[in-house]
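Here is the structure we will look at.
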Amino acid sequence: MSLRALAEADLATVLEDEIGFGWDITVTDPDGNTGDLVGMSGDIGILIDQETGVAVAGRQAHVSLRISTLASKGLGVPVAIADPLLKPWRFTFKTISGTSCTFAVRDAMPDQTVGIVTCTLEHYASA
Amino acid sequence: MSIPTLIDAPDTFEVVRDKIAAILALETTSQQALALAASKNPDLWKFLVYTERSNPWELLTSDTDLLSGEIRYPIINVAYDLGNFDYSVSNTSSQQVEIANYNIDIYGSAVQADVVAGGHIPADLAAVQLVHRTARLARAILMSSLYTYLELRGTVWYRRVQSKISFLPIDAEATVQNVKALRIILEVKFTELAPQAATEELQSIFTTISRSEDGAILAVLDSDVT
Numbered sequence: 001m002s003l004r005a006l007a008e009a010d011l012a013t014v015l016e017d018e019i020g021f022g023w024d025i026t027v028t029d030p031d032g033n034t035g036d037l038v039g040m041s042g043d044i045g046i047l048i049d050q051e052t053g054v055a056v057a058g059r060q061a062h063v064s065l066r067i068s069t070l071a072s073k074g075l076g077v078p079v080a081i082a083d084p085l086l087k088p089w090r091f092t093f094k095t096i097s098g099t100s101c102t103f104a105v106r107d108a109m110p111d112q113t114v115g116i117v118t119c120t121l122e123h124y125a126s127a
Numbered sequence: 128m129s130i131p132t133l134i135d136a137p138d139t140f141e142v143v144r145d146k147i148a149a150i151l152a153l154e155t156t157s158q159q160a161l162a163l164a165a166s167k168n169p170d171l172w173k174f175l176v177y178t179e180r181s182n183p184w185e186l187l188t189s190d191t192d193l194l195s196g197e198i199r200y201p202i203i204n205v206a207y208d209l210g211n212f213d214y215s216v217s218n219t220s221s222q223q224v225e226i227a228n229y230n231i232d233i234y235g236s237a238v239q240a241d242v243v244a245g246g247h248i249p250a251d252l253a254a255v256q257l258v259h260r261t262a263r264l265a266r267a268i269l270m271s272s273l274y275t276y277l278e279l280r281g282t283v284w285y286r287r288v289q290s291k292i293s294f295l296p297i298d299a300e301a302t303v304q305n306v307k308a309l310r311i312i313l314e315v316k317f318t319e320l321a322p323q324a325a326t327e328e329l330q331s332i333f334t335t336i337s338r339s340e341d342g343a344i345l346a347v348l349d350s351d352v353t
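Residue numbers (the numbering used here), protein chains in the order written: chain A, 1 to 127; chain B, 128 to 353.
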């Protein structure tokens, strides 16, 4: 196995280890197909002002998922959906205090070298 | 020798700023009542008004509202920006005329929202629409003929919209909410006063002006000359 393939295989430990920082994430694609994965998620309340370098308040959320696991669940690679006639890719996961939050993809950054897709998220309000 | 009176009253530039905010606050309430009477959703005419808040849009990024589902109303922040003095109509002793710019900053946020019938509402579009709608209300209110002098006739010479500029709050693009903003620069010309020195009466001169039967203007001087 090549080092690159080994790196991808290591994602099972790096991204999907629930004893580590892995977190339960429910993924829903625009067609409504869902899958329960374990990945990395973040939900922080601080931004760095790029002009001044000063920390300011602002909520940022993201997920990082293993692309091969998404495929095994019958899901594709998440992308940002601009068309308002379509549903966006949605992710549901809990905060550390147990509150469930649903987000939609703002930007998706797939890394096809190692097989990780990182998505910055926007809050998603249900109808 | 020093100024004998305590300088306790706000300057006109402060009064004008607070008046702009008061007008906007009054009118959003009034517009909501009118909307209700017209069987329309009053929330579309509601906005929150602040003055001189350096980071008012932070109120929009608090995540507690998102969890509770509370509606986030757009925010208008009124802030004094700069003032130039027009000395062609001022004097150096009692009153100066200032032309000031007030920043009427409108902030709105939106999140992506599900549409039951299909699709979704994009957050960036919804945020811009919210900001533009609120800017429409703010401009229409402040430029209404009812507020030609901002209810400060005799002090305010005029008010007019100088420009409108869209801008992004700092790093708003990276947050889970989409926050957009627009600035209306309102130019206001008004009079500023200053403490006056106590005057000393040197001599009283009384003059009576009258018209004679043949139409001549007569001036009768009554003065004690010492």
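Beta carbons: idealized from backbone N, C-alpha and C, even for Gly.
Since the structure is predicted, the reported quantities are computational estimates derived from the model, not experimental observations.
Residue i: contacting residues in chain A (beta-carbon distance under 8 Å)
i: PRO249 of chain B; result: ALA82 and PRO84
i: VAL238 of chain B; result: GLU122, HIS123, TYR124 and ALA125
Whole-number beta carbon distance between residue j and residue i, since they are thought to touch under 8 Å
i: ILE233 of chain B; j: GLU314 of chain B; result: Actually they are not in contact, since the Cβ atoms of ILE233 of chain B and GLU314 of chain B sit about 17 Å apart, beyond 8 Å.
i: HIS247 of chain B; j: GLN239 of chain B; result: 6 Å
i: VAL242 of chain B; j: THR318 of chain B; result: Not a contact, Cβ separation roughly 54 Å.
i: VAL105 of chain A; j: PRO88 of chain A; result: 6 Å
i: CYS119 of chain A; j: ALA127 of chain A; result: With a Cβ gap of about 22 Å, CYS119 of chain A and ALA127 of chain A do not count as contacting.
i: TYR148 of chain B; j: VAL216 of chain B; result: Inspection of the sequence shows that residue 148 of chain B is occupied by Ala rather than by Tyr. In fact, because the Cβ distance is near 27 Å, the residues do not count as touching under 8 Å.
i: ALA254 of chain B; j: SER236 of chain B; result: 6 Å
i: ARG338 of chain B; j: LEU345 of chain B; result: 7 Å
i: ILE150 of chain B; j: LEU277 of chain B; result: 7 Å
i: GLY35 of chain A; j: LYS94 of chain A; result: Incorrect: roughly 17 Å between the Cβ atoms, too far for contact.
i: LEU75 of chain A; j: ASP29 of chain A; result: 5 Å
i: GLY45 of chain A; j: TRP23 of chain A; result: At roughly 17 Å, the Cβ-Cβ gap does not stay under 8 Å, so GLY45 of chain A and TRP23 of chain A are not in contact.
i: LEU117 of chain A; j: PHE91 of chain A; result: First, the amino acid is wrong: residue 117 of chain A is Val here, not Leu. So it is not a contact: roughly 11 Å between Cβ atoms.
i: ILE67 of chain A; j: GLY115 of chain A; result: 5 Å
i: ALA265 of chain B; j: ILE231 of chain B; result: 6 Å
i: ARG59 of chain A; j: VAL258 of chain B; result: Not really, about 19 Å apart at Cβ, beyond 8 Å.
Residue i, DSSP secondary structure in three states
i: ARG4 of chain A; result: helix
i: ALA82 of chain A; result: coil
i: ALA127 of chain A; result: coil
i: GLU319 of chain B; result: strand
i: GLY20 of chain A; result: coil
i: LEU133 of chain B; result: coil
i: ALA227 of chain B; result: strand
i: SER157 of chain B; result: helix
i: LYS307 of chain B; result: strand
i: LEU329 of chain B; result: coil
i: GLU314 of chain B; result: strand
i: GLU122 of chain A; result: strand
i: GLU242 of chain B; result: Strictly speaking, residue 242 of chain B in this sequence is Val, with Glu absent from that position. DSSP places VAL242 of chain B in coil when its eight states are reduced to three.
i: ASP36 of chain A; result: strand
i: ARG144 of chain B; result: helix
i: THR113 of chain A; result: coil
i: LEU15 of chain A; result: coil
i: ASP29 of chain A; result: coil
i: THR139 of chain B; result: helix
i: ASP349 of chain B; result: strand
i: THR191 of chain B; result: Confidence in THR191 of chain B is poor, its pLDDT being 48 and thus under 50, which makes the residue's placement too unreliable to answer from.
i: ALA237 of chain B; result: strand
i: ALA152 of chain B; result: helix
i: ASP341 of chain B; result: coil
i: ALA324 of chain B; result: coil
i: ALA164 of chain B; result: helix
Closer than 7 Å at the beta carbon, the chain A residues around residue i
i: GLY245 of chain B; result: LEU85
Contact list for residue i against chain B, beta-carbon separation under 7 Å
i: PHE103 of chain A; result: VAL303
i: SER126 of chain A; result: ASP241
i: PRO88 of chain A; result: GLN239 and HIS247
beta-carbon residue i near the ligand FAD non-hydrogen atom, thresh 7 Å
i: ALA267 of chain B; result: Judged by which ligands are present, the structure shown has none, so any question about the ligand FAD falls away.
Handout entry: Chain-ordered residues of the segment 58 to 74 of chain A with a beta carbon less than 8 Å from chain B
Key = GLY58, ARG59, GLN60 and ALA61
Problem - Within the segment 253 to 305 of chain B, ranges of the beta strand (DSSP E) (whole runs, at least 3 residues) - result: 283 to 294
Problem - Minimum length 3: unbroken beta strand (DSSP E) runs contained in the segment 43 to 109 of chain A - result: 55 to 66 and 90 to 94
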